[in-house]
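Written out below as structure tokens is the structure these notes cover.
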């Protein structure tokens, strides 16, 4: 009797465990897939809106077009690669080498993500791209644009594995200079004594992949500041305003440190700014805004790519950038967790069905024997 009791309890426990695995794997597989499909639909809607309102066929070197191009590359859409490459090289050739530091960095990043070679490209005054004034003279626009310009310069140097001529631009010196900008609240700001979300998120994005004690200190300070900023009011606010651009920068920053949970939290906030036509507003209840839409797409494509295990435009490491350029196709995604969880779900569902069949047969045989013995 005791043996039968133990066998019965064991069978029930086995069924319960199997059922729990089935339910959990179903949730991981199908709810995640639904979430990804929803995100993909939002991205497609925004891409369609921006393609109608921006001109990648004829424009490059403009902030909105450059960041749109980066986002499209991230999801494997190279439909404008040829036109953008031609226009970008033309833009550089027609421009003087005194472009601002952040503009030069943005162009360098977009060219890198798109696999566009800038080594033999020159400005109208004869200087090569990396001989530009802002890349080699801290007294130029780099100093005026402060910590954001310094952070992007550091990112560009690491992407291209180059060192600018001026000693000040060494990694150690740049990190020391960026570190000097940390405010008492742990954040960064272009102006003022109080850290703002946007600037702090950009610094985190650019420094997150650097293996250096100073960089790690700055990264930790940025993360703590962003967490504190959110905990204070449940929003990401810069200069007293909750804007979608701030949320987008935060999402990108969290992706750069591989904190998908925090990035998804930012995604949920960002979607509150979403409008039916695929655009995004600057503030809650506002109208369509091109810049807000471009920045939102930049954030959402990073989240989408990270959820898929794709190689995103986020500075996890230089190797990831290099590999991404050779795999510029959404068809080359790694096997995602969704496929694994679906496999687990179907395997344990089959086991559960078999368990119920075995139990049913067992009770049928037992019942049959009981009836036979009574007769």
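In our numbering, the protein residues as written are 161 to 535.
Here a beta-carbon is modelled for each residue, glycine too, at the ideal position from N, C-alpha and C.
Remember, predicted model here, so these are calculated numbers, not experimental data.
Residue 390 in three-state terms, based on DSSP
The residue labelled residue 390 in the question sits at position 230 within the chain shown. DSSP places residue 390 within a helical segment (H, G or I) once states are collapsed to three.
Closer than 6 Å by C-beta to residue 429: which residues in its own chain qualify, once you throw out the five before and the five after it? Chain order, please.
The residue labelled residue 429 in the question sits at position 269 within the chain shown. Only 407 meet the Cβ criterion.
Beta-carbon contacts of residue 276 that lie in its chain and below 7 Å, excluding the five residues immediately before and after
Start at 1 with the first residue of the chain shown, and residue 276 comes out as number 116. Here residue 276 has 245, 248 as same chain residues with Cβ atoms under 7 Å from its own Cβ, once five neighbours each way along the sequence are excluded.
Cβ separation of residue 216 and residue 457, assumed to be a contact under 8 Å, to the nearest whole Å:
As a working mapping, residue 216 is identified with position 56 in the chain shown. As a working mapping, residue 457 is identified with position 297 in the chain shown. Contact doesn't hold; Cβ gap of about 13 Å is too wide.
Own chain partners of residue 287 with C-beta closer than 6 Å, once the 5 adjacent residues on each side are dropped:
Numbered from its first residue, the chain shown carries residue 287 at position 127. So the qualifying residues of the chain are 257.
Touching by the beta-carbon criterion (3+ pairs, under 8 Å), the segment 262-281 and the segment 309-329:
yes
Chain-order list of residues whose beta-carbon lies under 7 Å from that of residue 308 (same chain, five-residue window excluded)
Counted from its first residue, the chain shown places residue 308 at position 148. For residue 308, where only same-chain residues beyond five positions count, the Cβ hits under 7 Å are 262, 350, 359, 362.
Residue from 422, 437, 432 with nearest C-alpha to residue 444
Counted from its first residue, the chain shown places residue 444 at position 284. The shortest C-alpha separation from residue 444 is found at 432.
Candidates 283, 347, 371: which alpha carbon is nearest residue 315's?
As a working mapping, residue 315 is identified with position 155 in the chain shown. Of the candidates 283, 347, 371, 371 places its Cα closest to the Cα of residue 315.
Given a threshold of 16 other Cβ atoms within 10 Å of its Cβ, counted over all protein chains shown, does residue 201 qualify as buried or as exposed?
Position 41 of the chain shown, counting from 1, holds the residue named residue 201. It is exposed - the Cβ of residue 201 has fewer than 16 other Cβ atoms within 10 Å.
Among 398, 508, 337, 409, which residue has its Cα nearest to the Cα of residue 378?
What you label residue 378 is simply residue 218 of the chain shown in a count that begins at 1. Per the Cα distances, 337.
CA nearest to the CA of residue 414, picked from 402, 404, 403, 427:
If you number the chain shown from 1, residue 414 lands on position 254. Nearest of 402, 404, 403, 427 to residue 414, Cα basis: 427.
Start and end of the alpha helix (DSSP H) containing residue 407?
What you label residue 407 is simply residue 247 of the chain shown in a count that begins at 1. Start and end: 404-416.
Pop quiz: residue 374 and residue 339 are said to be a contact at Cβ under 8 Å. What is the actual Cβ separation, rounded to whole angstroms?
The sequence position of residue 374 within the chain shown is 214, counting from 1. The sequence position of residue 339 within the chain shown is 179, counting from 1. With 8 Å as the limit, residue 374 and residue 339 qualify as a contact, their Cβ atoms being about 6 Å apart.
Helix, strand or coil: which one does DSSP assign to residue 458?
Residue 458 sits at position 298 when you count from the first residue of the chain shown. In this structure, residue 458 counts as helix in the three-state DSSP scheme.
Based on the DSSP output, what are the partners of residue 440 in its beta bridges?
Position 280 of the chain shown, counted from the start, is the residue given in the question as residue 440. Under DSSP, residue 440 takes part in a beta bridge, and its partners are 434, 449.
Do you know how far the Cα of residue 450 is from the Cα of residue 434?
For this step, residue 434 is matched to residue 274 along the chain shown. For this step, residue 450 is matched to residue 290 along the chain shown. About 12 Å.
Out of 439, 381, 440, 352, which one is the CA nearest neighbour of residue 398?
Locating residue 398 in the chain shown gives position 238, where the first residue counts as 1. Taking only the C-alpha atoms, the option nearest residue 398 is 352.
Contacts around residue 173, its chain only, beta-carbon distance under 8 Å, and the 5 residues preceding and following it disregarded
Locating residue 173 in the chain shown gives position 13, where the first residue counts as 1. Closer than 8 Å at Cβ, skipping near neighbours: no residue.
Under the DSSP definition of a beta bridge, which residues are partnered with residue 401?
Counting from one through the chain shown, the residue named residue 401 turns up at place 241. 398, per the DSSP bridge assignment.
Residue(s) in a DSSP beta bridge with residue 261:
In the chain shown, counting from the first residue as 1, residue 261 sits at position 101. In DSSP, residue 261 forms no bridge with anything.
Can you give me the Cβ contacts of residue 255 inside the same chain, cut-off strictly under 8 Å, excluding the 5 residues immediately before and after it?
Counted from its first residue, the chain shown places residue 255 at position 95. Counting only Cβ-Cβ distances below 8 Å, and skipping sequence neighbours, we find 221, 283, 284.
Alpha-carbon spacing of residue 441 relative to residue 214, whole angstroms
For the purposes of this step, residue 441 is taken as the residue at position 281 of the chain shown. For the purposes of this step, residue 214 is taken as the residue at position 54 of the chain shown. C-alpha separation (whole angstroms): 16 Å.
Rounded to whole angstroms, what is the Cα-Cα separation between residue 206 and residue 266?
Counting from 1 along the chain shown, the entry for residue 206 is found at position 46. Counting from 1 along the chain shown, the entry for residue 266 is found at position 106. Between residue 206 and residue 266, the C-alpha separation is close to 21 Å.
Which of the three DSSP states, helix, strand or coil, is assigned to residue 288?
As a working mapping, residue 288 is identified with position 128 in the chain shown. Looking at residue 288 - three-state DSSP - the assignment turns out to be strand.
Hey, could you find the ends of the alpha helix (DSSP H) residue 246 is sitting in?
Reading the chain shown from its first residue, position 86 is the one you call residue 246. Residues 241-254.
Contact check, residue 278 vs residue 295, beta carbons under 8 Å
Here residue 278 refers to the residue found at position 118 when the chain shown is read from its first residue. Here residue 295 refers to the residue found at position 135 when the chain shown is read from its first residue. No, the pair does not count as a contact, with Cβ atoms beyond the cut-off.
In the structure shown, what three-state DSSP assignment does residue 368 receive?
Locating residue 368 in the chain shown gives position 208, where the first residue counts as 1. Coil at residue 368, not helix or strand.
Residue 330 - DSSP class collapsed to helix/strand/coil:
In the chain shown, residue 330 corresponds to position 170, counting from 1. Reduced to three states, the DSSP call for residue 330 is coil.
Straight-line gap, residue 243 to residue 514 (C-alpha atoms, nearest Å):
Within the chain shown, residue 243 is the residue found at index 83, counting from 1. Within the chain shown, residue 514 is the residue found at index 354, counting from 1. Each residue's alpha carbon lies about 58 Å from the other.
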